[in-house]
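In what follows, a structure is listed as C-alpha cells, so that the remarks can point back to it.
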Amino acid sequence: MRTFISFEDALNMVLASGTKAEAEHISLSMALGRTLSEPIVSLQNLPPFASSAMDGFAVIASDLAKEGAVLNVVEHIQAGDIPQRAIKPGTCAKIMTGALFPEGADSVAPVEWVLSERGDHVSFSRAPQSGQHVRPAAEDVREGDTIFVGGEVITPPVTGMLASLGVDPVPVVRRPRVAVISTGDEIVPPHVQPGPAQIRDSNGPALRSQVLAAGGDCDRYEHAADDPAAIRLVIEENKSADILIFSGGVSMGDHDYVKSVLVDMGGEMLFWKVRQRPGKPLAFGKIGSTVFLGLPGNPVSSAMCFAIYARPLIHKMLGRERVGGQKVSAILQHDVKKVADLHHFSRGVATMGEDGTIGVSEAGSQGSNLFSSVVRANCIIHLPSGEAMAREGSRVTIELLPWANLQGH
Ligand code: AMP
Ligand code: MG
C-alpha cells in the first residue's frame, strides 16, 4: 500500500479503478440526467420532408413576377395532409406552417401578402424569391450523421433530439451502485434527538445526495458502529455495490477499524493518506470488483473528498465525456496562507464581474469541521502543493460544484 501520496497520483489511481458499467435500455421519458451508452446515428433526415415555414400559398415564384397576377387555388394543405395535386404554372395551393410542400411549387407567399382572395382565385402584393419560406428536408440532420458519440448526458434538448430521431427506448449506461456507510458510535440518524455526546449523521444524507447528483444510484445510507463485527457485516451486505463509500473510521484513532476489516476480508488497500487538506486520511482500495473509498469523518473532508474523487469516479463508470466538476480560471481576491507541502482544496465563492472575469474568495473559515463553508461555497479552489502562500490577484483554478451559480445565491 502506498501512503502520503500526491493529490494527482491519488486521483489517477482512483480514476484508473473505474470501468464503464454495462448498458441498459430505458424509456426516453425516464432518461433525463442519464448517460448515453453508445453513439446515436440518425436513420433519417431532419426535417424529414420539405414543408412550409409560413401560413400562406405554395406558388411558383416566377408566376408572380407579373404585377396583379391571379392564381387558381387547387387545394388546401394542412399540417399532416398529403398533397394530392402537383402545382402547375398559374396555380397554387393554400398551405399551413409545417405542411408537406407540394410538387411543382418552389416558394410560399405568406397570407400577409394576399391582395385579394375570392373563391379559388388569389392575388398578391408581392412575389417571393424562389425557395423563400420553404423549409428544405435534411437541413438540420442527415441520414447517417452521428448525432451523439456516446457519453453525453441526456439534457432536455438531448431528449428532444432523441425523440425526433425515434430513439425510444434509449441506450444508457447503468447507474453505478454506491453504498454509503457512516461509521461512529457517536452518530444517530437525523430524525433522532442526540444524547449529550452524540451528533446527528450528516455525512450519510449529504453523501447519498452527492451520489445521486453525480449520476449514481444509492437507495439509502447505512450506519455501522465502531466495531469490527458491525463493519464486517455491512461490507458483507454491500459487496455487490460498484463503489463502497465509508465515512469515518479511517484515521489513526483506536477505533478506526475500516481498513483492517477490509483487508481481513480479502480486500486490498492501495493507498492511505494523501498530501492534501482537507482529507489527508483518505483511504482507497478494492474488495473483489468493488472500489473502496474511506472518507474522513469530518463533514467538510468527506464532502470535499467526494467531490474531488468519488464524483469523477462515478462519471468514469458512466462513460461520461468529461469527468468531475467544470474547471475554470479565476482571480483570487485575497491572500491565502497554506501548507507548502499540501494541495489545498478551499471552499470558494466565485462571482462573475461586470467585465466577465471571475473572482473568487474563500467561503468563510476553512476548519474541516465547519460545514457552513461547504454550504456557502459554489466552487473548490485548487491551491497546488509547492507554495506556502497564494497571493491576492493571482490566477487560480477553481472547480465548480454541481450546484454552482456564478451570480451568487
Ligand atoms: P473520524 O474520521 O471517524 O475520526 O471522524 C472525524 C470527525 O467527524 C469526528 O468529530 C466525528 O464525530 C465526525 N463525524 C464522523 N462521522 C460523521 C457523520 N456521519 N456525520 C457527521 N459527523 C461525523
Ligand atoms: Mg469515527
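No gaps in the numbering here: position 306 of the sequence shown is 364 in this note's numbering, and each next residue is one more.
Beta carbons are placed, not taken as given, at the ideal position from N, Cα and C, and that holds for glycine.
From a predicted model like this one, the values you see are computed outputs, not experimental measurements.
Query, Result
"Can you tell me whether N261 is buried or exposed? The criterion is at least 16 other CB atoms within 10 Å of its CB, across all chains shown.", "buried"
"Please go through the same chain and pick out, in chain order, the residues whose beta-carbon is closer than 6 Å to the beta-carbon of I153, but skip the five residues on each side of it.", "S110, A116 and I135"
"On the CB-based measure, 16 or more other CB atoms within 10 Å of its CB, does R405 come out buried or exposed?", "buried"
"Helix, strand or coil: which one does DSSP assign to P263?", "helix"
"Along the alpha helix (DSSP H) that carries V319, what are the first and last residues, could you check?", "V316 to D322"
"Are the CB atoms of G148 and S165 nearer to each other than 7 Å?", "no"
"Helix, strand or coil for P286? Go by DSSP, reduced to three states.", "helix"
"Write down every uninterrupted run of the alpha helix (DSSP H) in the region 369-436 whose length is 4 residues or greater and which is fully enclosed by it, in chain order.", "369-375 and 430-434"
"DSSP has H134 in a bridge; who is on the other side?", "K152"
"Would you mind sorting K317 into buried or exposed? The rule is 16 or more other CB atoms within 10 Å of its CB.", "buried"
"Ordered along the chain, which non-local residues of its own chain (more than five positions away) have a Cβ less than 6 Å from that of P160?", "A116, P141, I145 and A151"
"Following a CB-centred definition, is G425 positioned closer than 6 Å to any heavy atom of the ligand MG?", "no"
"Using CA atoms only, rank isn't needed, just tell me which of P215, I345, N70 and A462 is closest to A271.", "A462"
"Helix, strand or coil: which one does DSSP assign to P214?", "helix"
"Tell me whether I289, by its Cβ, gets closer than 6 Å to a heavy atom of the ligand AMP.", "no"
"Which class does P357 belong to by DSSP, given the choice of helix, strand or coil?", "helix"
"What residue does the alpha helix (DSSP H) around A111 start on, and which one ends it?", "Segment: none, A111 is in no alpha helix (DSSP H) and carries neither H nor E."
"Give every residue of the same chain whose Cβ lies closer than 8 Å to the Cβ of M447, excluding the five residues on either side of it in the sequence, and list them in chain order.", "D393, V394, K395 and K396"
"Measuring straight from C-alpha to C-alpha, what distance separates V225 and E96?", "12 Å"
"With DSSP collapsed to three states, give me the class of W171.", "helix"
"Here's a check: name, in chain order, each residue in its chain whose Cβ is nearer than 6 Å to the Cβ of H467, leaving out the five neighbours to either side.", "The predicted position of H467 is uncertain, since its pLDDT is 49 and thus under 50; no value can be drawn from it."
"DSSP on V250, reduced to helix/strand/coil?", "coil"
"CB P339 to CB M362, shorter than 7 Å?", "no"
"Does at least one heavy atom of the ligand AMP sit under 6 Å from the Cβ of P252?", "no"
"Give a single yes or no on whether P247 has its beta carbon closer than 6 Å to a heavy atom of the ligand AMP.", "no"
"Can you name, in chain order, every residue of its own chain whose Cβ lies under 6 Å from the Cβ of R549, other than the five neighbours on each side?", "With the chain covering 59 to 467 only, the question about residue 549 has no answer from this structure."
"Under a Cβ-count criterion, where at least 16 other Cβ atoms within 10 Å of its own Cβ denotes burial, should I289 be classed as buried or exposed?", "buried"
"What is the residue span of the beta strand (DSSP E) that A89 lies within?", "Neither: A89 is in no beta strand (DSSP E) and is coded neither H nor E."
"Can the beta-carbon of A299 be found closer than 7 Å to that of A237?", "yes"
"Run through the DSSP bridge pairs and tell me what K344 is partnered with.", "E326 and V349"
"Taking the straight line between their C-alpha atoms, what separation do you get for V454 and L73?", "23 Å"
"Taking one C-beta from the region 291-307 and one from the region 349-368 each time, how about it: are there three or more such pairs within less than 8 Å?", "yes"
"Does the region 209-227 come into contact with the region 239-248, if we say contact requires no fewer than three beta-carbon pairs (one atom in each stretch) closer than 8 Å?", "no"
"Thinking just about the alpha-carbon of each residue, which of D139, A388 and E170 is nearest to the one in T415?", "A388"
"For the alpha helix (DSSP H) holding E66, just list the boundary residues, first then last.", "F65 to A74"
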